[in-house]
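Participant:
Residue numbers (this note's numbering), protein chains in the order written: chain A, 208 to 462; chain S, 208 to 462; chain E, 208 to 462.
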């Protein structure tokens, strides 16, 4: 199985699928192609949340503002998964999560060599570099792909880590990591922070802690533990990010 | 085959696909993931229109404003199809249509037991309750899934029926059920109402009855029989809902 | 393999998939369903760019403003590919490209007979005419489908050709063919025009010629060779079409 994720919208992902289908009969599953354009951090967050639900697979990820520059192409082994994409950090949070779920010692990061302007366009590496690489990794297998010509251990690579919240004396200072399509503002504060609380002050204003959106009336604010296990600011049948007045990257104080 | 439909947008459906792929090699086909958020009625309409075109399959449907409350999880047998989703009516119109197309006596409604907060998050039952249930129904087979542990006949369930039009003396009083992406306003008045008419008055104003959008000039109004067999208010290369000044739920008077 | 492309948005493509799955186990791959509505030229452009990356396949294309009129349904053989869709030109640029990539002498255009209102609705030929035809072409095979009943050589058909640029004395007068989702304005001027140039005047104003978007600072204009091999007007992490003040169909003068 090869999963595909990008910020390409449409129809560019189809070219990647064609390129892969020329090289392997692997099953293709779309993760998302509407990640915010060139937003490496948001893509990295969602991949970390979603990829661990898949069985062993090769995950092709192309959110790549540096396409055509000298940033490397990476292939990472993480447990019984592999990830293929640009060297800008987008793969790392998911790779660590996949490795940890597999009890793998750690992620193993490799560089995939290519020639810009020769084997590849300078503007669409998803089609010309990463899709062929993902197909080759799939055909070689997660255990063996690093033995192929043109795959070498990465001497260094761009990492990306999400900020950690500060939690002390029952207070938490966290950050909004992403806002999902429903308008739920997902913070970096672990859900356990809400254990035993019936309400919490968010930036000074109180909101009820609930297990279900529908536990409050339509249009009312609530704080809950989202499906990713983090504290989430939400509105039943509405948009939490608007009601709480927060955006991605904003600090959030809970008490 | 398992089809997937939701109001999740992206990337949440991918988590459901991963969960299913862990449990079965069933082919996955997306019906839609952009149903209007938490709009049970619109989703129910489209599912009734689209699912009957599929061969025998398990249809996973998650439009679920009550996620995390005590609303049940259902699995319905309808002819040689099964439907899995929340107990809020969204499955029933399609289930009845599938049963009727199969000459099945009726739909058989079962409840799938789960523990909120134990086997499931309280905010993402699509991933934690319905996707695993759909995979299990698929593996057990449409004929046998009700014999599994944790599947019990539903003692009651939420139904959903679309309003019937009133047709008398050549006049019809109907309702706009949905507006599609082209702007076509789909009513509940059966297409036969237009038989033999060259024009019809819609809320008092005359519009031509045509078989094809392009039978009138670009930008002109027409009334036609849509692909669902119902009377549809349309504009050639434009938006019927705007030109006729109607929205979902509006009454429409034809004469 | 059957690929699907349309301007249907959602959920109409699912009905086509169901209809096909009733008739064949062929693998289904979406190319795009969000082509601009009823915009035959834009769809034709993208299909020409994307379809050549696929292995041998049947390509189902439904951008069809003339649905329900007497325009024909076509099935075209192009090398080891087939294309199925309406007779409005949308298939031809891709068909020629596929034939040329296969060293096929030329495209062979056939008409697929159907009865409006009998075997087909008048408003959704994607479901009732083209999807069944694509399944049948797939089952018969690209080499043999024209031998089937109801498939006859087309006596004539609508063609569509993109305008050619004028290039003389180092000046080029071209046209914006499409704007992609990133805002890149794709012209019809071949990329070779930029060979050896460090900058180019676009409608009189100078912009640097670069191989990568990120070669200029975020928000700055550049001219590059896009993944289709044509001159593209772009902005690093921004929208080229806005910065250059161009829209589809606009003339562009390079010097």
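Beta carbons are placed, not taken as given, at the ideal position from N, Cα and C, and that holds for glycine.
Would you please verify whether the beta carbon of residue 213 of chain E is less than 8 angstroms from any beta carbon of chain S?
Facilitator: Taking Cβ atoms only, chain S never reaches closer than 8 angstroms to residue 213 of chain E, which makes this a no.
Participant: Would you please verify whether the beta carbon of residue 329 of chain E is less than 8 angstroms from any beta carbon of chain S?
Facilitator: Answer yes: the Cβ-Cβ gap between residue 329 of chain E and chain S drops below 8 angstroms somewhere.
Participant: When you compare each of S:279, S:310 and S:304 to residue 295 of chain S by their alpha carbons, which one comes out closest?
Facilitator: Measuring from the Cα of residue 295 of chain S, the nearest candidate turns out to be S:279.
Participant: Could you tell me the alpha carbon to alpha carbon distance between residue 216 of chain E and residue 242 of chain E, rounded to whole angstroms?
Facilitator: Between residue 216 of chain E and residue 242 of chain E, the C-alpha separation is close to 8 angstroms.
Participant: For residue 386 of chain S versus residue 448 of chain S, is the C-beta distance shorter than 8 angstroms?
Facilitator: Cβ atoms of residue 386 of chain S and residue 448 of chain S: closer than 8 angstroms.
Participant: Between the alpha carbons of residue 360 of chain S and residue 297 of chain E, how many angstroms are there, rounded?
Facilitator: In a straight line, the C-alpha of residue 360 of chain S is about 52 angstroms away from that of residue 297 of chain E.
Participant: Going along the chain, which unbroken runs of the beta strand (DSSP E) with 3 or more residues stay wholly within the stretch 280-309 of chain E?
Facilitator: 280-285 and 288-293, all fully within the stretch 280-309 of chain E.
Participant: Taking Cβ positions, are residue 314 of chain A and residue 292 of chain A nearer each other than 8 angstroms?
Facilitator: Against a cut-off of 8 angstroms, the Cβ pair of residue 292 of chain A and residue 314 of chain A comes out as no contact.
Participant: Just the Cα atoms here: how many angstroms apart are residue 226 of chain A and residue 413 of chain A?
Facilitator: One C-alpha to the other measures close to 53 angstroms.
Participant: Comparing the C-beta of residue 249 of chain S with each C-beta of chain A, is any distance below 8 angstroms?
Facilitator: Not an interface residue.
Participant: Taking only three categories from DSSP, how would you classify residue 399 of chain E?
Facilitator: Residue 399 of chain E: helix per DSSP, three-state reduction.
Participant: Between residue 270 of chain A and chain E, is there a C-beta pair that is closer than 8 angstroms?
Facilitator: False, the Cβ-Cβ gap to chain E never drops below 8 angstroms.
Participant: For residue 224 of chain E and residue 266 of chain S, what's the separation of their Cα atoms in angstroms?
Facilitator: Whole-angstrom Cα-Cα distance: 14 angstroms.
Participant: What in chain A is Cβ-close to residue 273 of chain S, meaning under 7 angstroms?
Facilitator: Under the 7 angstroms cutoff, chain A gives 421.
Participant: Pick out the complete beta strand (DSSP E) segments inside the stretch 430-455 of chain S, 3 residues or longer, and give them in chain order.
Facilitator: Listed in chain order, they are 437-442.
Participant: Once the 5 residues before and after residue 398 of chain S are set aside, which same chain residues still bring their CB inside 7 angstroms of it?
Facilitator: So the qualifying residues of the chain are 432, 436, 437 and 438.
Participant: For residue 211 of chain A and residue 337 of chain A, what's the separation of their Cα atoms in angstroms?
Facilitator: For residue 211 of chain A and residue 337 of chain A, the distance between alpha carbons rounds to 10 angstroms.
Participant: Using a cut-off of 8 angstroms between C-beta atoms, extract the partners of residue 324 of chain E located in chain S.
Facilitator: Neighbours of residue 324 of chain E on chain S, chain order: 418.
Participant: Spatial neighbours of residue 542 of chain A within its chain, please: C-beta separation below 7 angstroms, excluding the five flanking residues on both sides.
Facilitator: Since the first residue of chain A shown is 208 and the last is 462, residue 542 of chain A is not available in this structure.
Participant: Could you tell me the boundaries of the alpha helix (DSSP H) in which residue 254 of chain A lies?
Facilitator: 247-257 is the span of the alpha helix (DSSP H), which, as asked, contains residue 254 of chain A.
Participant: Give the range of the beta strand (DSSP E) segment to which residue 244 of chain S is assigned.
Facilitator: No beta strand (DSSP E) contains residue 244 of chain S, which DSSP labels as neither H nor E.
Participant: Starting from the C-beta of residue 256 of chain E, find all residues in its chain whose C-beta is less than 6 angstroms away, skip the five residues before and the five after it, and write them out in chain order.
Facilitator: Taken in chain order, the residues that qualify are 435.
Participant: Return the bridge partner residues of residue 381 of chain E from the DSSP annotation.
Facilitator: According to DSSP, residue 381 of chain E bridges with E:459.
Participant: Please check if any C-beta of chain S sits within less than 8 angstroms of the C-beta of residue 431 of chain A.
Facilitator: Yes, because at least one Cβ of chain S sits closer than 8 angstroms to the Cβ of residue 431 of chain A.
Participant: Quickly, what does DSSP pair residue 261 of chain E with across the bridge? List them, please.
Facilitator: Paired residues: none, contrary to the question.
Participant: Please state the DSSP three-state secondary structure of residue 314 of chain S.
Facilitator: In the structure shown, residue 314 of chain S sits in coil (DSSP, three-state: anything other than H, G, I, E or B).
Participant: Helix, strand or coil, according to DSSP, for residue 221 of chain E in the structure here?
Facilitator: DSSP places residue 221 of chain E in helix when its eight states are reduced to three.
Participant: Starting from the beta carbon of residue 434 of chain S, find every residue of chain E whose beta carbon is closer than 7 angstroms, and list them in chain order.
Facilitator: Residues of chain E passing the Cβ test: 328, 330, 331 and 334.
Participant: Check whether the stretch 327-336 of chain S and the stretch 369-386 of chain S are in contact - that is, three or more C-beta pairs closer than 8 angstroms.
Facilitator: The stretch 327-336 of chain S, when compared against the stretch 369-386 of chain S, does not touch it at the 8 angstroms Cβ threshold.
Participant: 8 angstroms is my cut-off, CB to CB: does residue 237 of chain A come that close to chain S?
Facilitator: Yes - at least one Cβ of chain S is within 8 angstroms of the one on residue 237 of chain A.
Participant: When you compare each of A:321, A:381, A:236 and A:389 to residue 371 of chain A by their alpha carbons, which one comes out closest?
Facilitator: The candidate whose alpha carbon is nearest that of residue 371 of chain A is A:381.
Participant: With 8 angstroms as the threshold, decide whether the Cβ of residue 276 of chain E is near any Cβ in chain S.
Facilitator: Yes, contact with chain S.
Participant: Would a C-beta distance cut-off of 8 angstroms place residue 391 of chain S and residue 369 of chain S closer than the cut-off?
Facilitator: No, Cβ-Cβ distance for residue 391 of chain S and residue 369 of chain S is not below 8 angstroms.
Participant: Looking at C-alpha atoms only, which residue of E:415, E:429 and E:353 is the closest neighbour of residue 445 of chain E?
Facilitator: Considering only alpha carbons, the answer is E:429.
Participant: Give me the subset of the stretch 380-396 of chain E whose CB atoms are less than 8 angstroms from a CB atom of chain A, sorted by chain position.
Facilitator: Within the stretch 380-396 of chain E, the residues whose Cβ lies closer than 8 angstroms to some Cβ of chain A are 387, 388 and 389, listed in chain order.
Participant: With DSSP as the reference, identify every bridge partner of residue 375 of chain S, one or two as the case may be.
Facilitator: Partner(s): S:378.
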